[in-house]
Each structure stands twice: as structure tokens, then as C-alpha cells.
Ligand code: ATP
Ligand code: MG
């Protein structure tokens, strides 16, 4: 599947691939991988990486693996493995039979490590974690060599074998690369390659009590899978020398017919949210949100539950592009992408979220008229439907004001509005609760000639309101979402505040007595609509049963992104 309808030179990774293909590097193969660590759910940032890796493969006649980077058993879980697969598939990508785990390679990595020790390139170090840190030096000062650095190859082989056999306590020893304690790059100052950790691994169980470090396992996993382009985020740029060192020191020629190349790109950051898995997990575990798939979360599962389509997320990833420098993307662009997608696809219906009753005193009591309405004026192929009209209706509470300011063009005493696809009505009388003053009913008259085709149908009325027929409407609950964080950059701790202090207290508003026109009856979980004037909504995929219809608002209709672009004099493109 090709996700790109733009030329192949649009991102710098593709430019590198173009050069490689020209030079017949890796025998003209393009083989990428998406390597999540199964320690949390995927988020929209991962979607960028997924679209990039699977997209590069598809655009270049190559393939892309899904690889679980499961080298840290203390934080990993099968729940995450399952959710990651579901999310990648939902986004529209396919790894065919190429789903792998770094843990599949523990034996091979161990064997490579024995060779590394034999070559005098690694040693067992007995310094504590704290001491290793102290010996490491700083950006301005070189490190100090470990007193264990010059152990003999025999002693290192013996100790490492016994580390594997479980003879030593967790944390008591590590295996380190013997590189250069004076390197200007701290990652090259004899980095740790293996640690002792007695944790049950979700795949290998208790077979291992030593685990390779990510920086060491990753290049070897890439080599074992014969990956050509190992695309990762910018923070790994400083680790690239270690990636290359590992490939230089290990003879993996039996596995691969090329050499993987690490290429870094800028991670996606979005306004009004956090993206680090650690923080997202904290929000879930401390109950700030209702789970990883809470529709306010930037997770793929949250966006899916909210009602986002895979197409809109792929479109978003395409528009933000792939850069070499970190930046932050306005969440309004993501919202713009789902609006654009649903504009063509979502049927328009009328729903009254906070209803107030309207009684048309001059409308015949038992009469019901059915009016034809277009399902989507943007897309005539979507056909029409019939909407019932009767004497008792509901309109939006905020479409009426008893004492309106000057520019209020909706209903108020003595004033008229047009009911969408129906008649013009005039408010004659307001009935209120004597005690509370709350408005109970609006008694109105209607103009029988004001429908299309009628004698007064051309009358100019400023306001048009949506409505439902009281006897026909179906009940629904609606959840209105707002940004999870009030601040644009909740991660930015310059103000001394923890990101959790910046949560938006009004990020969820639940309305329980909404009324929707009858055409939505029987709507399936996941069905999407445009509620006229209110936004795009999706039937919640989880909270469903026969007596309950729950809608999530995906996004309102107010397109702040289009506005920003217009103000800047550009189109709707990023
Ligand atoms: P976090 O820092 O949120 O814990 P991570 O980088 O540790 O994320 P991984 O599971 O290791 O998460 O990520 C899998 C892949 O997705 C990696 O190649 C990583 O570079 C990429 N990735 C993670 N976050 C982003 C992001 N915000 N934008 C683009 N790519 C990302
Ligand atoms: Mg990671």
C-alpha cells in the first residue's frame, strides 16, 4: 500500500534511500522496521514512525518488520504487545509474517558477545552503578578507567559465563564494551552491554538473568533481520557511534548481506498534550484519565475510541513531514485532518444536546410531516433521508435568550428563526418554573407558508436552528472533549509546575439528556456523524448496550487550523 501521493524526494530519509539505490547499496534492498518497546500503548508520535517506516518500504518496493524491543523485562507486558499489534493493523499497515522480538535473538546476541570478549573488546566490571557513573566523567572532563578494565580474556569469559549461569547477584557486575574512557562522546566511554536482572520475561520466562542493553541489542537485532535503514528519533544521534562500533566489532555476515544504517529524524511533539510513555502511564495509573484508550489521550487507541479514522491520522503524518530538527505541531492540524476526512463521509443529522421544549400552538395536534433532507450537501451520492416534524419539538437551549443582546440572531420573545429544512417559527410566550425561573416551554407559532415552495419561503431570516421532533427523537448521552492540558506545552517545566498541575479540569463534559433525530436509531458502535452546528461525533465503541446510545465528540466544527492558515495567507497545507 502506498501512503504517498507526493514525490518520493519529499523527505530527507527518502533522499538517502535514493542515493543508496543509485549506488546499489545493500543490493538495492530497502528493509525497515518499526521497533516499539512493549512498555505502554502506542501514541500519535509512534504513528509518525509507523507511517515513515512502513511508508518508506512500500514506496521503494521494500518490506518493513514489526519488532518488539523487549530487552527490559521489568517494565514490559503482553497487554502492550497485543495492543501494539492491534494499533499498527488499525492504522492500515501489515508486517505479513515478519513479527519479531529482540528476545528471539538473546541466544545469538549472547554468542556474538562471547566473540566480542574473545576479541578483547568487552570486559566484566565489578563497579557498582554509582561508581560507574562517577568514573564516567562529564562533558568537559574525560572519564577514568575501571580497575577491572584489564582483566584477561579468560577471566572475562569465565565471569560472563557465570553471570549467565546466575552465580552473581543483580547489579553486582556488568559486561562493558572496551572502547575509550576519554571519548568526547560519553556513550562511548565503555558503555554497559549486559546487566544482571532477575525478572521474569514475558517471552523467555526465567531462562535469562542477564539482559543486553538496548543500545547493544538494537544494532544486532537490525543486523540479524538484515535491516538496511534503521530509522529512529533524534535522541539516538549521540548513540550512533556505538551502533556503528557494535556492527564493526561483530561479524554478522552469516545473517546479513548488507549493513544497517541508523538515520535519525525529529520526533513528533503536539501542543496541549504529553507524549512520553512514562507520563501517559502515570496519567492512566493515577486515574487522571479513564485508561490508555480514554478519548482524550494521544494514544492510537484513544484516538480510535474518540472516532478518529486511520486515514486522517495517516494524512496528518504525511502533512507534518519528516525533519531533522525538533519542533512542536499544533494539535489544531490533527483536528483539521479529521474534519477534512469526515466532511466528505459523515452524514449530517440533527441532535439537540441541551434541549428546551418548543410547542407550536397553531400546528395541528396529531399531524406529522416528513421532510426530505440531504445526508451530506458536500457529497450528493450519500442521498437523502426523511425527518419527522410535529407540534412539539426541541431546540438547543442556547438558541433561545429571553433578553438577547443586539447581535443575537436566534430565538427570543417576539422574534423569528428558521428551523433547518422546515418552517419559520416565532416565539410568542415563555413558560417558566415559578420557583426556579428555569424555562420549561417556549410557545411559538409557525408560518405554514415558509417551507420551500410555500408563498413566504423566501423570507429572509437571520438565524437557523437545528431541532428534533419530541415524539420521534431518540435519547442519547454525549461526551464533549477538550484538550487534556490547558497549556500548549505541559512538558515545559520552566514555570516550575509539574505537567499534572496543568491538566484541563474541563477536558470532559458529559451530557446525559441529549436528543437525536430518529434516522440514527440502530447506529452501530464506531458510526460517525456530523451533528449540525455541533461537530463530528462517533458512537462510543465500548459503552454500548441496547438501552444506551453514547456519542463521543471527535471535534467541533470550528476549524482553528484553517483560520491560522488563512491569516498566514497560505492554503490548508502544513
Ligand atoms: P517514549 O519516549 O514515549 O517512551 P520511546 O521512544 O521509548 O517513547 P519506543 O517504543 O521505543 O518508545 O518507540 C518505538 C519507535 O517509535 C522508536 O523508533 C521511536 O523512535 C519512535 N517514536 C517514539 N516516540 C516518537 C515520537 N514522538 N515521534 C516519532 N517517533 C517516535
Ligand atoms: Mg525507546
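Numbering (the working numbering), first residue to last: 7 to 580. Glycine residues also receive a C-beta, built at the ideal position from the N, C-alpha and C atoms.
- Message: Taking 8 Å as the threshold (C-beta atoms), are residue 556 and residue 494 in contact?
- Response: Taking C-beta atoms as the reference points, residue 494 and residue 556 fail to come closer than 8 Å.
- Message: If I measure Cβ to Cβ from residue 291 and keep anything under 6 Å in the same chain, skipping five residues before and after, which residues do I get?
- Response: Nothing listed; no residue qualifies.
- Query: Within 7 Å: the Cβ of residue 52 and any heavy atom of the ligand ATP?
  - Reply: Because some heavy atom of the ligand ATP lies under 7 Å away, the Cβ of residue 52 counts as near it: yes.
- Message: Let me check you understand the geometry: is the CB of residue 2 closer than 7 Å to at least one non-hydrogen atom of the ligand ATP?
- Response: A question about residue 2 goes unanswered here, because the residues of the chain that appear run from 7 up to 580.
- In whole angstroms, what separates the C-alpha of residue 45 from that of residue 283? If you take the alpha carbons of residue 45 and residue 283, they lie about 8 Å apart.
- What residues match up with residue 541 in a beta bridge as DSSP calls it? DSSP links residue 541 through a beta bridge to 537.
- Message: Check whether the stretch 308-319 and the stretch 536-549 are in contact - that is, three or more C-beta pairs closer than 8 Å.
- Response: Segments in contact, yes.
- Message: Pull the bridge partners of residue 449 from the DSSP assignment, please.
- Response: DSSP links residue 449 through a beta bridge to 365, 435.
- Task: Using three-state DSSP, classify residue 298 as helix, strand or coil.
- Result: In this structure, residue 298 counts as coil in the three-state DSSP scheme.
- Applying the criterion that 16 or more other CB atoms from any shown protein chain within 10 Å of the CB defines a buried residue, is residue 146 buried or exposed? Exposed is the call here.
- Query: What's the call for residue 136, buried or exposed, on a 16-neighbour Cβ count within 10 Å?
  - Reply: Flag for residue 136 reads exposed.
- Task: Just list the alpha helix (DSSP H) runs in the stretch 484-527, keeping only unbroken ones of 4 residues or longer that don't cross its boundaries, in chain order.
- Result: Fully contained in the stretch 484-527 is no alpha helix (DSSP H) run of length 4 or more.
- Task: Compare the beta carbon distance of residue 196 and residue 182 with 8 Å and say whether it is the shorter of the two.
- Result: Taking 8 Å as the cut-off, the beta carbon of residue 196 is found closer than this to the beta carbon of residue 182.
- Message: If you measure between the beta carbons of residue 131 and residue 180, is that distance less than 8 Å?
- Response: Yes, the pair counts as a contact, with Cβ atoms nearer than the cut-off.
- Going by Cα to Cα distance, which pick from 144, 204, 456 is closest to residue 173? Residue 173 has its Cα closest to that of 204, out of 144, 204, 456.
- Can you check whether the CB of residue 365 is closer than 8 Å to the CB of residue 423? For residue 423 and residue 365, no; Cβs fall outside 8 Å.
- Hey, how far is the Cα of residue 144 from the Cα of residue 189? Roughly 10 Å separates the two Cα atoms.
- Going by Cα to Cα distance, which pick from 513, 523, 446, 236 is closest to residue 381? The shortest C-alpha separation from residue 381 is found at 523.
- State buried or exposed for residue 453, treating a residue as buried only when at least 16 other CB atoms are found within 10 Å of its CB. Looking at its Cβ environment, which holds 16 or more other Cβ atoms inside 10 Å, residue 453 is buried.
- Message: Let's test the definition: count the other Cβ atoms within 10 Å of the Cβ of residue 236 and tell me whether it reaches 16, buried, or not, exposed.
- Response: It counts as buried.
- Task: Find the nearest neighbour of residue 134 within the set 127, 418, 201, judged by alpha-carbon distance.
- Result: With distances taken between Cα atoms, residue 134 lies closest to 201.
- Item | Euclidean distance between Cα positions of residue 1 and residue 440 | The structure shown has nothing for residue 1, since the chain only spans 7 to 580.
- Task: Taking only the alpha-carbon atoms, compute the straight-line gap between residue 13 and residue 569 and give it to the nearest angstrom.
- Result: The predicted position of residue 13 is uncertain, since its pLDDT is 44 and thus under 50; a value taken from the coordinates is nonetheless stated next. Going by the C-alpha atoms only, they are around 28 Å apart.
- List in chain order: all unbroken alpha helix (DSSP H) runs of 4+ residues lying wholly within the stretch 165-244. List check, alpha helix (DSSP H) in window: 220-230.
- If I'm right that residue 360 touches residue 403 with Cβ under 8 Å, what's the distance once you round it to whole angstroms? Between residue 360 and residue 403, the beta carbon gap of about 4 Å places them in contact (Cβ cut-off 8 Å).
- In angstroms, rounded to a whole number, what distance separates the CA positions of residue 301 and residue 337? Those two C-alpha atoms are separated by around 14 Å.
- List the whole-angstrom C-beta distance separating residue 159 from residue 126, where the pair is believed to meet the contact cut-off of C-beta under 8 Å. Indeed they touch by this definition, with Cβ atoms about 6 Å apart.
- Task: Compare the C-alpha of residue 456 against each of 425, 471, 443, 481 and name the closest.
- Result: Ranking the options by Cα distance to residue 456, first place goes to 425.
- For the candidate residues 109, 97, 567, 29, whose alpha-carbon lies nearest to that of residue 305? For residue 305, the nearest C-alpha among the options comes from 97.
- Query: Less than 7 Å between the CB of residue 75 and some heavy atom of the ligand ATP, yes or no?
  - Reply: Under cutoff, so the answer is yes.
- Item | As assigned by DSSP and simplified to three states, the class of residue 154 | Residue state, collapsed to three classes: coil.
- Span separating the alpha-carbon of residue 505 from that of residue 448: Between residue 505 and residue 448, the C-alpha separation is close to 46 Å.
- Task: Using three-state DSSP, classify residue 10 as helix, strand or coil.
- Result: Reliability of the predicted coordinates at residue 10 is poor, the pLDDT of 42 falling under 50, and the value obtained from them is presented with this limitation in mind. Correct three-state label for residue 10: coil.
- Task: State whether the stretch 212-230 contacts the stretch 70-77, with contact taken as three or more CB pairs (one from each stretch) at a distance under 8 Å.
- Result: Result yes; three or more Cβ-Cβ pairs closer than 8 Å.
- Message: Short of 6 Å in beta carbon distance, which residues of its chain neighbour residue 41, apart from the five on each side in sequence? Order them along the chain.
- Response: Taking residue 41 as the centre and dropping the five residues before and after it, the same chain places the C-beta of 73, 75 closer than 6 Å to its C-beta, in chain order.
- Query: Once you ignore the five residues that flank residue 271 on each side, which residues in its own chain have a CB closer than 6 Å to its CB?
  - Reply: Closer than 6 Å at the Cβ level, and outside the excluded window around residue 271, lie 328.
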